[in-house]
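Numbering (my numbering), first residue to last: 35 to 251.
This report concerns only the one structure given below.
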Ligand code: DX5
Ligand code: ZN
């Protein structure tokens, strides 16, 4: 099974983002956390900065929108060329319609669910998405601890995609380390976001270690 390591630049040096992107060029995608101080209690960057990152990044962008009113903003990230656009189910009035719009524009359509959001209601519409992001921390900040209690959601998603023969990617975000990545991979995750665990060391080394740990589960 193909597995992907997506470093989150939330833990990078915001004064030197272009150099930080070069340091993670061995990753599969670069995870970009957009926060609006409403959906989550933190503020990061918006469309102008992410558009510029898209222009200079050696690897494709995996944009994670932690913002209210997903319908208003998500299509713009697809239009400027993001490879994948993740919006939150809790911030969308019609997730399936929004996913269809993102696909029409040409991006991978991805939906995230917060720890308190059940997944059962989405199992029947999995084919509408290219990726489901199961949050393994409360969104908003890097450096939090991985919530192993989210693993049953991944197992349900993994069973459903196998049953229906779908190749929807299952992403985890929050507290991913060389230890917890094994737990997430065993539960069915194939796409791993890691912020602090990548940027707290030499990113290329950390990416290789995460890759190795995920593949031997
Ligand atoms: C948190 C963000 C994550 C964050 C993960 O709300 O969505 O992408 O950067 O950071 P770590 O890997 O440090 O938990
Ligand atoms: Zn994220």
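The beta carbon of each residue, even a glycine, is placed where N, CA and C say it ideally should be.
Since we're looking at a predicted model, the values are computed, not measured.
Item checked: Closest by C-alpha distance to residue 186, when choosing among 90, 176, 169 and 100 -> For the options 90, 176, 169 and 100, the alpha carbon positioned closest to that of residue 186 is the one of 169.
Please work out which residues of its chain come closer than 8 Å, Cβ to Cβ, to residue 178, disregarding the five sequence neighbours upstream and downstream, and give them in chain order.
Exclusion of the five residues before and after residue 178 leaves 171, 172, 208 and 209 as the residues of its chain whose Cβ lies within less than 8 Å of its Cβ.
Just the C-alpha distance for residue 192 and residue 219, rounded to the nearest angstrom, thanks.
11 Å
Discussion item. With distance defined between alpha-carbon atoms, name the residue in 117, 81 and 86 nearest to residue 106.
Written reply: 81
Just the C-alpha distance for residue 212 and residue 139, rounded to the nearest angstrom, thanks.
35 Å
CB of residue 14 to nearest heavy atom of ligand 2: below 7 Å? No information on residue 14 is available, as it lies outside the stretch 35 to 251 that the chain covers here.
Next on the checklist: Check whether the segment 113 to 130 and the segment 87 to 101 touch, using three or more Cβ-Cβ pairs below 8 Å as the test.
Outcome noted: yes
Query - Nonlocal neighbours in the same chain, by C-beta distance under 6 Å from residue 229, ignoring five residues either side - result: 42, 44, 45 and 176
- Could you tell me if the beta carbon of residue 178 falls within a distance shorter than 7 Å of some heavy atom in ligand 1? yes
**Asked** Would the C-beta of residue 227 count as close to ligand 2, meaning under 7 Å from any of its heavy atoms?
**Response** yes
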